[in-house]
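Asker: Residues 315 to 937 (this note's numbering) are what the sequence shown spells out, left to right.
C-beta atoms are modelled at their ideal positions from N, C-alpha and C, and glycine is treated no differently.
A single structure is presented below for examination.
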Amino acid sequence: MLTENSKIKDLITHPIGKDIIRKIMLQKGKKENMLANPLVANMKLKTLPKLTGGLIDQGFINAILEIMNSEPDVPRSGNGPVKPAWWKEAVFYQVYPRSFKDSNGDGIGDLGGIIEKLDYIKELGADAIWLCPIYDSPNDDNGYDIRDYRKIMAEFGTMDDFDRLLEAVHARGMKLIMDLVVNHTSDEHEWFRKAIEEPGSKYGDFYFFRDEPNNWTSYFGGSAWKYIEERNQYALHLFSSKQMDLNWENPELRKEIIDMVRWWLEKGVDGFRMDVINYISKRPGLPDGHPGIGALMGIYGVEHYFYGPKLHQYLRELKAEAFSPYNAFSVGETPGIGMEMAKLLTADYRNELDMIFSFDHLENPGKGKFDDYRYDLNYFKEYMIDWMENYGTASQMSLFYENHDNPRMVSKVDPDPKYRNVLAKLLAVMQLTLRGTPFIYQGQELGMANKNFTSINQLRDIESINLYSEWKQTMGETEAFKKILAGTRDHARTPMQWSSGKYAGFSDAEPWIGNDDDHKACNVEDQLIDEDSVLNFYRKMIRIRKEHQALIYGDIEIISKKTADLFTYYRKDGNETLFIECNLGRNTIRRPGNPPSGSRLISNYPDTDSRCLRPYEAAVWKM
Numbered sequence: 315m316l317t318e319n320s321k322i323k324d325l326i327t328h329p330i331g332k333d334i335i336r337k338i339m340l341q342k343g344k345k346e347n348m349l350a351n352p353l354v355a356n357m358k359l360k361t362l363p364k365l366t367g368g369l370i371d372q373g374f375i376n377a378i379l380e381i382m383n384s385e386p387d388v389p390r391s392g393n394g395p396v397k398p399a400w401w402k403e404a405v406f407y408q409v410y411p412r413s414f415k416d417s418n419g420d421g422i423g424d425l426g427g428i429i430e431k432l433d434y435i436k437e438l439g440a441d442a443i444w445l446c447p448i449y450d451s452p453n454d455d456n457g458y459d460i461r462d463y464r465k466i467m468a469e470f471g472t473m474d475d476f477d478r479l480l481e482a483v484h485a486r487g488m489k490l491i492m493d494l495v496v497n498h499t500s501d502e503h504e505w506f507r508k509a510i511e512e513p514g515s516k517y518g519d520f521y522f523f524r525d526e527p528n529n530w531t532s533y534f535g536g537s538a539w540k541y542i543e544e545r546n547q548y549a550l551h552l553f554s555s556k557q558m559d560l561n562w563e564n565p566e567l568r569k570e571i572i573d574m575v576r577w578w579l580e581k582g583v584d585g586f587r588m589d590v591i592n593y594i595s596k597r598p599g600l601p602d603g604h605p606g607i608g609a610l611m612g613i614y615g616v617e618h619y620f621y622g623p624k625l626h627q628y629l630r631e632l633k634a635e636a637f638s639p640y641n642a643f644s645v646g647e648t649p650g651i652g653m654e655m656a657k658l659l660t661a662d663y664r665n666e667l668d669m670i671f672s673f674d675h676l677e678n679p680g681k682g683k684f685d686d687y688r689y690d691l692n693y694f695k696e697y698m699i700d701w702m703e704n705y706g707t708a709s710q711m712s713l714f715y716e717n718h719d720n721p722r723m724v725s726k727v728d729p730d731p732k733y734r735n736v737l738a739k740l741l742a743v744m745q746l747t748l749r750g751t752p753f754i755y756q757g758q759e760l761g762m763a764n765k766n767f768t769s770i771n772q773l774r775d776i777e778s779i780n781l782y783s784e785w786k787q788t789m790g791e792t793e794a795f796k797k798i799l800a801g802t803r804d805h806a807r808t809p810m811q812w813s814s815g816k817y818a819g820f821s822d823a824e825p826w827i828g829n830d831d832d833h834k835a836c837n838v839e840d841q842l843i844d845e846d847s848v849l850n851f852y853r854k855m856i857r858i859r860k861e862h863q864a865l866i867y868g869d870i871e872i873i874s875k876k877t878a879d880l881f882t883y884y885r886k887d888g889n890e891t892l893f894i895e896c897n898l899g900r901n902t903i904r905r906p907g908n909p910p911s912g913s914r915l916i917s918n919y920p921d922t923d924s925r926c927l928r929p930y931e932a933a934v935w936k937m
């Protein structure tokens, strides 16, 4: 049992404490090893307020201790043989249906459009498709507000269309995973309607209702509580005011969710990506969030649900009763979860999740999604070295740069168009040669970039629109829009660029969200016939990954740990060794030695310079 009289070293050696301290230091742009100094490490926790100049106060310490003391388990150290699994060998391709391909001319992507383009996904080399939500929804948050889990959103098609899609995916030897959104539902879901119409029914406790709100805030701005007139109470919503949080403490609710998951698995779905799944367990009583943590993280109350006391119990129950009987795959979206917590959620002996998405590599230390800055890939290198060397073989890492919630990576790293293609290829090399399972987001394989939005009226993302309305009150419209432009999710949600023609070949009608003119130079049709295109580079790089088991199950040995901009490593198994070399910056750097003596399998430059690595140069060598 840790107390305020425990030593600081007890905090940073505890798996949960270690992750929390890392997160705090990351937010502040500081190194966590400052607390590992022997003089500091042997001080008591209660000295932290003075030591940190008030950044961490007594209430902050109490909140951290509560989380740490609720987790009795410690991850096993494991570097034994990796247990084979199809999802460890697979390359996943994420489809955002609304923006992928429109088949019926209404300007909205649909299931028919996905079926049309399955051969494209297969020929890219993808083994599995992650399909963002297609369930019936009022569409307040583009489908992440579900009204009916067993019905397809009318804009996307019908259940017959889905069955055709699933059959077509499997006929091509691919797998299909769906998005499982069970932290919350739409306020139009039958459960919520019954919860407010029949408070005494079993549904009355399916959600969180309070007579008075606490101080928790929503990720989309403002309070996390909405007044419900019919009950004369407030209902909890961590996201939009139409996305009501489910009360997983209720066993009847959990049974409904398990039945629904099994229903989809019975249809033949191969697994699920689980939306903000680490938020499903809230601390009993829903206590106020600590002001210091709220100010630091930008969200009040997060310490009471990002790693809740019954999270492991709920995940094991879901695994045992829904996933395991069908041998189904699970990957959890887990904001705020660090490496040690990830081990406790994903280790193969834990029977909870197969993988998670951890997001700490997507922003440089001290930066947030809505900060306008150039991302330094040296931090990505540092982060990956840590995970490659310390995550162990009992867990599998997910490898990704982009998804439907984040801007395009090429634009974050270097917006200069002259580096765009070579940078996109560098990112492909790292993603497909590091140890883990790659997830490629639609358009990433083309090197798609952020969009040139000029007005808030062009945006459709509720997060961006709500935050803009909030921020313009304090910083004015110009600065608020500039801040939104740096991080809006709509950069990743514009239509897939199939051709240089009108509407980028996405639709015959005006799309639901506008595009700029980028598709005239960056599109599938043109890149397919250009041997040097980003698309054909991805296809070749994926093929290389499949042909060399060392890139899937092999060990990884990092060579260049300290040299800025240089990232080199080996991937080895019993039969072969591959060497990967990368220049992470736009400046030419000297090679530390002669070029490798093996054969060059792929590079984003046509030749090899014996003395240096050119801007964003990357190559894979077979030794």
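Report the rounded CA-to-CA distance for Asp879 versus Gly828, giving the unit in angstroms.
Answerer: In a straight line, the C-alpha of Asp879 is about 36 Å away from that of Gly828.
Asker: Counting Cβ pairs closer than 8 Å, one from the segment 505-521 and one from the segment 541-551, do we hit at least three?
Answerer: Enough Cβ pairs lie closer than 8 Å, so yes.
Asker: Per DSSP, which one or two residues make a beta bridge with Ile856?
Answerer: DSSP, once it has assigned bridges, lists no residue as partnering Ile856.
Asker: Which partner residues of Tyr548 appear in the DSSP bridge assignment?
Answerer: Per DSSP, Arg524, Tyr541.
Asker: Taking Asp493 as the reference, give the member of Ala482, Leu445, Glu502 with the closest Cα.
Answerer: Checking every option, the nearest Cα to that of Asp493 belongs to Leu445.
Asker: For a quick check, are the C-beta atoms of Phe753 and Phe414 less than 8 Å apart?
Answerer: Cβ atoms of Phe753 and Phe414: not closer than 8 Å.
Asker: Between the alpha carbons of Lys797 and Asp685, how many angstroms are there, rounded?
Answerer: Answer to the nearest angstrom: the Cα atoms are 6 Å apart.
Asker: Considering just the uninterrupted stretch of the alpha helix (DSSP H) at Trp785, what are its terminal residues?
Answerer: Taken as a continuous stretch (DSSP letters only), the alpha helix (DSSP H) holding Trp785 covers 776-801.
Asker: Please state the DSSP three-state secondary structure of Met702.
Answerer: Helix, per DSSP.
Asker: Does the contact criterion of 3 or more C-beta pairs under 8 Å hold for the segment 809-817 versus the segment 550-563?
Answerer: No, the segment 809-817 is not in contact with the segment 550-563.
Asker: The beta strand (DSSP E) spanning Ala442 covers which residue range?
Answerer: 442-445 is the extent of the beta strand (DSSP E) around Ala442.
Asker: Start and end of the beta strand (DSSP E) containing Pro752?
Answerer: That run of the beta strand (DSSP E) goes 751-755.
Asker: At what residues does the beta strand (DSSP E) containing Thr499 begin and finish?
Answerer: 498-500 is the span of the beta strand (DSSP E), which, as asked, contains Thr499.
Asker: Would the beta-carbon of Pro447 fall within 8 Å of that of Gly457?
Answerer: A contact, by the Cβ cut-off of 8 Å.
Asker: Rounding to the nearest angstrom, what Cα-Cα distance links Leu781 and Thr472 in this structure?
Answerer: Using only the alpha carbons, I get a separation of about 34 Å.
Asker: Given a cut-off of 8 Å on the beta-carbon distance, is the pair Leu552 and Tyr517 in contact?
Answerer: No; because the gap between Cβ atoms is not below 8 Å, this pair is not in contact.
Asker: Compute the distance between the beta-carbons of Leu340 and Pro679, then report whether it is under 8 Å.
Answerer: Yes.
Asker: Taking the beta strand (DSSP E) that Gln710 belongs to, which residues open and close that run?
Answerer: Neither: Gln710 is in no beta strand (DSSP E) and is coded neither H nor E.
Asker: On the three-pair Cβ rule with 8 Å, is the segment 886-898 touching the segment 701-708?
Answerer: No contact exists between the segment 886-898 and the segment 701-708.
Asker: So is Asp668 buried or exposed if we call it buried at 16+ other beta carbons inside 10 Å?
Answerer: By the neighbour-count rule (16 or more Cβ atoms within 10 Å), Asp668 is buried.
Asker: Enumerate, from N- to C-terminal direction, the unbroken alpha helix (DSSP H) stretches of 4 or more residues contained entirely within the segment 427-487.
Answerer: Qualifying alpha helix (DSSP H) stretches, in chain order: 432-438, 473-485.
Asker: Report the three-state DSSP secondary structure of Asp668 (helix, strand or coil).
Answerer: Asp668: coil per DSSP, three-state reduction.
Asker: Return the chain-ordered list of same chain residues with a C-beta closer than 7 Å to the C-beta of Trp785, the five sequence neighbours on each side being excluded.
Answerer: Counting only Cβ-Cβ distances below 7 Å, and skipping sequence neighbours, we find Ala794, Lys797.
Asker: Strictly by DSSP, which residues pair up with Asn720?
Answerer: In the DSSP output, where bridge partners are listed per residue, Asn720 has none listed.
Asker: What alpha helix (DSSP H) runs, 4 residues minimum, are completely inside the segment 320-395?
Answerer: The segment 320-395 contains these whole alpha helix (DSSP H) runs: 322-327, 329-342, 352-355, 362-365, 372-383.
Asker: Should Lys358 and Asp454 be called a contact, given that it needs their Cβ atoms to be closer than 8 Å?
Answerer: Cβ atoms of Lys358 and Asp454: not closer than 8 Å.
Asker: What does a CB cutoff of less than 7 Å around Ala763 pick up in its chain, not counting 5 residues either side in sequence?
Answerer: Counting only Cβ-Cβ distances below 7 Å, and skipping sequence neighbours, we find Arg722, Val724, Ser725, Arg734, Asp832.
Asker: Assuming contact is defined by CB atoms lying nearer than 8 Å, are Ala742 and Tyr919 in contact in what I supplied?
Answerer: No, the pair does not count as a contact, with Cβ atoms beyond the cut-off.
Asker: By Cβ distance below 6 Å, which residues in the same chain neighbour Phe522 in space, the five residues on each side in sequence not counted?
Answerer: So the list reads Leu550, Asp559, Asn561, once near-sequence residues are dropped.
Asker: Expressed to the nearest angstrom, what Euclidean distance is found between the alpha-carbon atoms of Gly487 and Gln787?
Answerer: Looking at the two C-alpha atoms, the distance is approximately 53 Å.
Asker: Which of helix, strand or coil does DSSP assign to Glu895?
Answerer: Residue state, collapsed to three classes: strand.
Asker: Are the Cβ atoms of Asp662 and Lys854 separated by less than 8 Å?
Answerer: For Asp662 and Lys854, no; Cβs fall outside 8 Å.
Asker: What's the gap between the Cα of Ser300 and the Cα of Glu871?
Answerer: In the structure as shown, the chain starts at 315 and stops at 937, and residue 300 therefore has no counterpart that could be examined.
Asker: Among all the DSSP beta bridges, which residues are the ones paired with Tyr883?
Answerer: Answer is Ile872, Ile894.
Asker: In the DSSP output, what is Gln557 paired with across the bridge?
Answerer: Gln557 pairs with Ser500.
Asker: State the Cα-Cα distance for the pair Lys936 and Gly622, rounded to the nearest angstrom.
Answerer: Their Cα atoms are separated by approximately 46 Å.
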